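Per the working numbering: the sequence shown = residues 130 to 283.
Think of the CB as a built atom: it goes at the ideal place given N, C-alpha and C, for glycine as much as any other residue.
Only a predicted model underlies this, so the values are computations on that prediction, with no experimental measurement involved.
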Amino acid sequence: MVRTLRPSNARDGDERDWRLAHARRTETKWRRDDETVRCFRFDDGYVSTVDYADRDVTWQLTPGQVPLASALATATVYLQHATTPQMDPDGRPFVAVGDAGPRQVFEEIADEPVDYVYLDTLRTLEEFPSFIDVNDDVRRVYERMSPTRFNTLG
């Protein structure tokens, strides 16, 4: 099954649309052109990465193992807004959010007022910030990958 994820500013017929390539219990992949975003289980947590096949480079979007909701939020911010999180001095991932949505800020004082939203404390989809579109595909991926779904002790 292939689904298309569109950034909020995408136009119909945009060749750069993301496709949900597969959603499995331990890994989900989205693809467009030569890019692949992965969210996958790793040890006791989840990791999100983006792979640029044309450059033979993989970047980790999460600072290590994080809760599923945090890893999925990080991947979704990249998919929907083409923004990767930045890290604060303690290694916590955040995005700056201005009037037009998430963005990166590289100056001490941003050129517009921004709020800083941390992504590492998210535990559920309901905690996602409003700039992330929690659409049916995001819900389906979360439900499929959720560790509570496979908890045999509870």
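How many whole angstroms separate the CB atoms of residue i and residue j, which I take to be in contact at a CB cut-off of 8 angstroms?
i      : j      : result
Pro105 : Val206 : With the chain represented from 130 up to 283, any question about residue 105 goes unanswered, as that position is not in the structure.
Lys158 : Arg170 : Going by Cβ atoms, the distance from Lys158 to Arg170 rounds to 13 angstroms, so no, they are not a contact pair.
Arg252 : Pro196 : 6 angstroms
Leu248 : Phe223 : 7 angstroms
Taking just the CA atoms, how far does residue j sit from residue i?
i      : j      : result
Phe200 : Ser177 : Reading off the sequence, residue 200 comes out as Ala, not Phe. Approximately 6 angstroms, taken between the alpha carbons.
Asp228 : Glu255 : 22 angstroms
Asp146 : Thr187 : 20 angstroms
Leu208 : Tyr181 : 14 angstroms
For residue i, which of helix, strand or coil comes out of DSSP?
i      : result
Val267 : helix
Thr277 : helix
Leu254 : helix
Would you list the residues sitting across from residue i in a DSSP beta bridge?
i      : result
Glu240 : The amino acid at residue 240 is misidentified as Glu; the sequence shows Asp. Its beta-bridge partners do not exist; DSSP assigns none.
Val246 : Val224
> At which residue ranges does the segment 144 to 231 contain complete alpha helix (DSSP H) runs of 4 or more residues, listed in the order of the chain?
Replying inline: Taking only runs of at least 4 residues, the alpha helix (DSSP H) segments lying wholly in the segment 144 to 231 are 197 to 210.
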